[in-house]
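Going by the numbering used here, the sequence shown runs without a break in its numbering and finishes at 428. Heads up, the thing below is written out as structure tokens.
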Amino acid sequence: MFEKIVPAPPDAILGLTEAYKADPNPNKINLGVGVYKDANGHTPILQAVKRAEERILAQETSKTYLGIDGSPAYAAATRALLFGPEHEVIASGRAVTAQAPGGTGALRVAADFLARTQPGTTVWLSTPTWPNHPNIFRAAGLEVASYPYFDSRTNDVAFEAMLETLRTIPAGDVLVLHACCHNPTGVDLSSAQWAQVAEVVAERGILPLLDFAYQGFAQGLTEDAAGVLALTRPGQELLIANSYSKNFGLYSERVGALTLVAATPDAAQAALSHVKQVIRANYSNPPAHGAAIVTTVLNDAELRRLWEAEVAAMRERINTMRHLFVETLNEKGVQTDFSFIARQRGMFSFSGLTPEQVKALRERYSIYIVGSGRINVAGMTEANMDYLCSAIADVLA
Ligand code: PLP
């Protein structure tokens, strides 16, 4: 049977990393894959994580299974981080959380849950979006559609066009929104725009699904939850898929969660019973170690302070690189206006570089960028900035 199988295309972004690794040029730069890197180009283990792991290793006595929906302490700590500890959805029991293997796992559980409980629903994705979004929802058998999001003339949100499409979405369809640090564009909705989206969602009976993979990377842990909070209105149902891959640097541990907010606590429990069935048939129950780290850090005052400082340092380094990039391109005499890069948030920006320019950067300078022109700003350092900007000046000339 396998003889007849035609190979599937390799993953575009992960394929780029393979090519980067094989490149012998000592000046090579990887602005492709979405992992945070420090000033030395290294993806570190956070101090708060190391210290939590020491405690866990000293104290844990069993590796027995977690429940299907994971650790209750982790679920509670996650909800408190998403909504703030005093929020009505927590006190009322309208919000329930299932631990999941990463943000991707949470999205796939959400997708399977929707396919099971709302068959025939369409999932609306921003144009552009993270390329794995359509894969995940289609794999669960759902239809996907798209709404406009990015205006390449202004390098900002195409808000009027976005609202116009949102006003056509049928009741019961699902609207996927990037809660902050939109991937791949780096442009986010303002508070006023979130309020307008929340209005349309409520009016039309749309189910919002917030993909929250970068809490803390835009403006701050609390500030970045503005979109989540704008949509969490009295009686409003919603789903949140969050990830600790980036803000805890726990990429390989696969730590995320699916949080479901229902109109009533009973409805939340009924929905959770289906989420659990979906998980049981998929991977049975989630891995424990990464979630234990997150729970230990979030529930310990000292470790939490350390973690919050480490998240702030990552965010500030990225924002410093954004400004330095714009300044250095100006110094190199580049005429194209890149000032929007300094206004955008999170690890990614759409650079506006064409596929030809991306190819020239790779072939002439060993600088690796995704074909769409998306750059991972966290791949920039003070040490590689001059080389990077000289190369860009050359391919733009
Ligand atoms: N959603 C978005 C928008 C992302 O960019 C990512 C990771 O790159 C994820 C979800 C998934 O994250 P995880 O690695 O936790 O599965």
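Heads up, the beta-carbon is just placed ideally off N, CA and C, and yes, glycines get one too.
Closest Cα partner of E362 within the set R147, L419 and W155: L419
Secondary structure of R198, DSSP reduced to three states: coil
Supposed close pair A142, L173 - CB separation, criterion 8 angstroms: 6 angstroms
Continuous beta strand (DSSP E) assignments of at least 3 residues falling wholly in the stretch 79-165: 126-131 and 153-158
F381 versus Q149: straight-line alpha-carbon distance, rounded: 34 angstroms
Distance CB(V64)-CB(N407) smaller than 8 angstroms: yes
Nonlocal neighbours in the same chain, by C-beta distance under 6 angstroms from F371, ignoring five residues either side: N186
When L334, A319 and A428 are compared against A104, the one with the closest alpha-carbon: A319
In DSSP terms, what Y178 is bridged to: S157
Residue burial classification, N278 (beta-carbon count within 10 angstroms, cutoff 16): buried
Contact belief for D204 with W155 at Cβ below 8 angstroms, rounded distance in angstroms: 6 angstroms
Cross-strand partners of D187 (DSSP beta bridge): D182
Supposed contact pair L238 and E191 - C-beta distance, whole angstroms, cut 8 angstroms: The Cβ separation is near 23 angstroms, so there is no contact.
Cut-off 6 angstroms between Cβ atoms - residues of its own chain near M345, not counting five sequence neighbours on either side: Y67
Closest Cα partner of L220 within the set A202, A249, R110 and V328: A249
Distance CB(D182)-CB(V175) smaller than 8 angstroms: no
Distance, R311 Cα to T263 Cα: 28 angstroms
Residue from G251, G258, T253 and E230 whose Cα sits closest to the Cα of L241: G258
Which of helix, strand or coil DSSP assigns to N61: strand
Cα-Cα separation, A171 to S177: 17 angstroms
Contact under 8 angstroms by Cβ, G377 with Y245: yes
Candidates G410, L334, D417 and L427, of which the one nearest T74 by Cα: G410
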